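K.L.:
For the sequence shown, numbering that gives the first Met the number 0 begins at 0 and goes up steadily by one.
Even glycine gets a Cβ: it sits at the ideal position worked out from N, Cα and C.
As the structure is a computational prediction, the values presented were derived from the model and not from experiment.
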Amino acid sequence: MSNSSTFKAADYEVLLQQIERFFADTANKKAITPSLTPNQLKDQLGLALPEQGESLAKLQTSIQDYLQYAVKTAHPSYFNQLWGGFDPTCFMGDMLTSATNTSMYTHEVAPIATLIEKTLIAKMANLVGFENPEGQFTSGGSNGNLMALAIARQRACPELRKTGLQQGPRLIAFVSADSHYSFAKAAHLLGLGTDNLWKVPVDENGRLQASELQRLVTEAKAQGCKPFFVAGTAGTTVRGAYDPFGAIAAIAQAEDLWFHVDGAWGASVLLSPKHRHLMEGVELADSVVWDAHKMMGMTLMCSMLLVKQRGMMLSTFSADDTGYIFHESEADPIDLGPSTMHCGRRVDAVKLWLTWKHLGDRGWAERIDHYFDLAAHAEAFINGHPNLVMVTQRYSLNVCFQYVPAGADLSQEERNHLTLRIRQNLMESGKAMVNYAQIDGDTFFRLILCNNQSSQDDVTEFLNEVVVEGDRLNRT
Ligand SMILES: Cc1ncc(COP(=O)(O)O)c(C=O)c1O
Numbered sequence: 000m001s002n003s004s005t006f007k008a009a010d011y012e013v014l015l016q017q018i019e020r021f022f023a024d025t026a027n028k029k030a031i032t033p034s035l036t037p038n039q040l041k042d043q044l045g046l047a048l049p050e051q052g053e054s055l056a057k058l059q060t061s062i063q064d065y066l067q068y069a070v071k072t073a074h075p076s077y078f079n080q081l082w083g084g085f086d087p088t089c090f091m092g093d094m095l096t097s098a099t100n101t102s103m104y105t106h107e108v109a110p111i112a113t114l115i116e117k118t119l120i121a122k123m124a125n126l127v128g129f130e131n132p133e134g135q136f137t138s139g140g141s142n143g144n145l146m147a148l149a150i151a152r153q154r155a156c157p158e159l160r161k162t163g164l165q166q167g168p169r170l171i172a173f174v175s176a177d178s179h180y181s182f183a184k185a186a187h188l189l190g191l192g193t194d195n196l197w198k199v200p201v202d203e204n205g206r207l208q209a210s211e212l213q214r215l216v217t218e219a220k221a222q223g224c225k226p227f228f229v230a231g232t233a234g235t236t237v238r239g240a241y242d243p244f245g246a247i248a249a250i251a252q253a254e255d256l257w258f259h260v261d262g263a264w265g266a267s268v269l270l271s272p273k274h275r276h277l278m279e280g281v282e283l284a285d286s287v288v289w290d291a292h293k294m295m296g297m298t299l300m301c302s303m304l305l306v307k308q309r310g311m312m313l314s315t316f317s318a319d320d321t322g323y324i325f326h327e328s329e330a331d332p333i334d335l336g337p338s339t340m341h342c343g344r345r346v347d348a349v350k351l352w353l354t355w356k357h358l359g360d361r362g363w364a365e366r367i368d369h370y371f372d373l374a375a376h377a378e379a380f381i382n383g384h385p386n387l388v389m390v391t392q393r394y395s396l397n398v399c400f401q402y403v404p405a406g407a408d409l410s411q412e413e414r415n416h417l418t419l420r421i422r423q424n425l426m427e428s429g430k431a432m433v434n435y436a437q438i439d440g441d442t443f444f445r446l447i448l449c450n451n452q453s454s455q456d457d458v459t460e461f462l463n464e465v466v467v468e469g470d471r472l473n474r475t
């Protein structure tokens, strides 16, 4: 490998071969994770930064170490997070983004990427059902939720951006008890205060209860507060539930609330004619967050905020004294930068655009439908097995279950303990990664089926492993 900063494809051959071996190990189900404590891992790696720089050839050792100890998130038994798998066209797009390193803030420095991003925003907003929308890619669903809250605050009290919250009414935002924690962070960071983020109770299946939302809005008004925002979730983080968007929209309209849908996890079902009914009513929302790095399998990050009414983003995020960067005429705005909270922003659109060109609308539908088939298979297997039980209703790709040995009279604490031990042992043996969650004191597996490398056989094998490990622990 040469030390020159000129690009030569040959310099990357070794790296590409290393990556190829990494993916071969991944496909062959080599240990999914290194199973080392942080200190053991630290001892294996040359982490210290040298005074004298090392040759590029020597860096190959560091690269090899990185790959050796990386978690194999495209392993067919990786079910741990709301993302995973590997997509070659996405990978190519990622390389293009790095090779042409630029920032999304102006058309001047990112002409093609700006047009590509606008094409994707139009396409995805159209799938939502927005007629004349705007939107942008953001650095993740959490920040998209924060931006939606900021837009709603701007709409409710435009003067607050100047005077600060001290001058305004007590603003109240509503989310469901099962909503993502990013709303609490956003309430804190925007100065609204987490006490003013009211959690609406959910029903027994984890869906926001519209009647409870109405009760809380009325209560907030009775206390002299100003309700201004409500969020529904499309695919909750733990149960994968979809809130009743139509009923929430009706309240939002009557009470003059901004209605946001957090579709970070679940908005991708819009790509499937078979499953898009889960999103019924989403077109009534004012804004939607959609993570393409989750169910669509793009590399992190690839997320967008879609807004129904044009102009809201600019009125919220524009700033003064930006003439040194934004030179365009106001009559014909094309720069994305003034309408977002970001300044420099990576090109995340090109990988999605390339993948979409490759898969087409049909390919996406097939991918989403395949995940639903895997989830249905897992649910059927669990329901048919004497030692496995579903613990929540399955709405989408989250399969929440426990190992409970038939005939054994285990306490909740013992069942919870067993779940954690099984999970840990599967991880330490390198066989599989699956996460856990808790509801009402029950600890259970949250199996997520959104890995394009997993087949039905892989899911069966994983569930059998859970049973084998559970039976073994139960005997000891
Ligand atoms: C429902 C929901 N909203 C938002 C987020 C946050 O998304 P991101 O990781 O892109 O910030 C998550 C993450 O899992 C989520 O499940």
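Our contact map puts Tyr11 next to Asp334 with C-beta atoms below 8 angstroms; I'd like the distance itself, whole angstroms only.
P.N.:
In fact, because the Cβ distance is near 33 angstroms, the residues do not count as touching under 8 angstroms.
K.L.:
With respect to 6 angstroms, is the separation between the Cβ of Ala172 and the closest non-hydrogen atom of ligand 1 below this value?
P.N.:
Answer for Ala172: no, Cβ out of range of ligand 1.
K.L.:
Name the residue from Gly336, Phe182, Ser314 whose alpha carbon lies nearest to the alpha carbon of Gly322.
P.N.:
Ranking the options by Cα distance to Gly322, first place goes to Gly336.
K.L.:
Is any non-hydrogen atom of ligand 2 found closer than 6 angstroms to the C-beta of Gly223, if you look at the structure I gave you?
P.N.:
By its list of ligands, the structure shown excludes ligand 2, since it contains just ligand 1.
K.L.:
As a quick exercise: from Ala98, Leu270, Leu81, Ile111, pick the residue whose alpha carbon is nearest that of Phe6.
P.N.:
Measuring from the Cα of Phe6, the nearest candidate turns out to be Ala98.
K.L.:
Would Thr354 and Asp86 qualify as a contact pair, given that the criterion is a beta-carbon distance under 7 angstroms?
P.N.:
Taking 7 angstroms as the Cβ cut-off, Thr354 and Asp86 qualify as a contacting pair.
K.L.:
Going by beta carbon distance, what residues of the same chain come within less than 6 angstroms of Thr339, once the five residues before and after it are set aside?
P.N.:
Contacts found: Gln135, Phe316.
K.L.:
Any heavy atom of ligand 1 inside 6 angstroms of the beta-carbon of Ala263?
P.N.:
Yes.
K.L.:
Who does Thr442 pair with in a DSSP beta bridge?
P.N.:
In DSSP, Thr442 forms a bridge with Gln437.
K.L.:
Do you know whose CA, among Asp360, Ala233, Pro243, Gln166, lies nearest Glu211's CA?
P.N.:
Selected option, being the one with the closest Cα: Pro243.
K.L.:
Cβ of Thr236 versus every heavy atom of ligand 1: is any distance shorter than 6 angstroms?
P.N.:
Yes - ligand 1 has a heavy atom lying nearer than 6 angstroms to the Cβ of Thr236.
K.L.:
Quick check on DSSP: helix, strand or coil for Glu486?
P.N.:
Shown here, the chain extends from 0 to 475; a query on residue 486 therefore has no answer.
K.L.:
Across the segment 379–397 and the segment 223–238, are there enough close Cβ pairs to call them in contact, namely three or more that are closer than 8 angstroms?
P.N.:
Short answer: they touch.
K.L.:
By the 10 Å Cβ neighbour count, where 16 or more other Cβ atoms means buried, how is Asn79 classified, buried or exposed?
P.N.:
Answer is buried; the Cβ neighbour count reaches 16.
K.L.:
Looking at the structure shown, is Asn195 part of a helix, part of a strand, or coil, going by DSSP?
P.N.:
Asn195: helix per DSSP, three-state reduction.
K.L.:
Out of Val201, Asn195, Glu412, state which residue places its alpha-carbon closest to the alpha-carbon of Phe227.
P.N.:
The residue with the shortest Cα to Cα distance from Phe227 is Asn195.
K.L.:
From Ala149 to Leu189, what distance separates their C-alpha atoms?
P.N.:
When rounded, the distance between both Cα atoms is 7 angstroms.
K.L.:
In whole angstroms, what is the alpha-carbon distance linking Val174 and Ala230?
P.N.:
When rounded, the distance between both Cα atoms is 5 angstroms.
K.L.:
Just to confirm, are Leu119 and Leu373 a CB contact at a threshold of 7 angstroms?
P.N.:
Not a contact, by the Cβ cut-off of 7 angstroms.
K.L.:
Mapping the DSSP letters down to three states, classify Val237 as helix, strand or coil.
P.N.:
DSSP places Val237 in coil when its eight states are reduced to three.
K.L.:
From the DSSP output, read off the bridge partner residues of Gln401.
P.N.:
BP columns for Gln401 point to Val388.
K.L.:
At what residues does the beta strand (DSSP E) containing Thr232 begin and finish?
P.N.:
Where Thr232 is concerned, the enclosing beta strand (DSSP E) stretches over 225–232.
K.L.:
Measuring alpha carbon to alpha carbon, tell me which of Tyr241, Gly52, Arg420 ends up nearest Thr475.
P.N.:
Nearest of Tyr241, Gly52, Arg420 to Thr475, Cα basis: Arg420.
K.L.:
Could you tell me which residues DSSP pairs with Ala561 in its beta bridges?
P.N.:
Residue 561 is absent from the model: the chain starts at 0 and stops at 475.
K.L.:
Closest to Ala249 by C-alpha separation, out of Gln213, Ala8, Leu95, would be which residue?
P.N.:
The shortest C-alpha separation from Ala249 is found at Gln213.
K.L.:
The beta strand (DSSP E) spanning Val259 covers which residue range?
P.N.:
The identity of residue 259 in the sequence shown is His, whereas the question assumes Val. Where His259 is concerned, the enclosing beta strand (DSSP E) stretches over 257–262.
K.L.:
By the three-class DSSP mapping on this structure, what secondary structure does Trp289 have?
P.N.:
Residue state, collapsed to three classes: strand.
K.L.:
Given this structure, state the Cα-to-Cα distance separating Asp177 from Asn382, to the nearest angstrom.
P.N.:
Straight-line Cα distance between these residues: approximately 25 angstroms.
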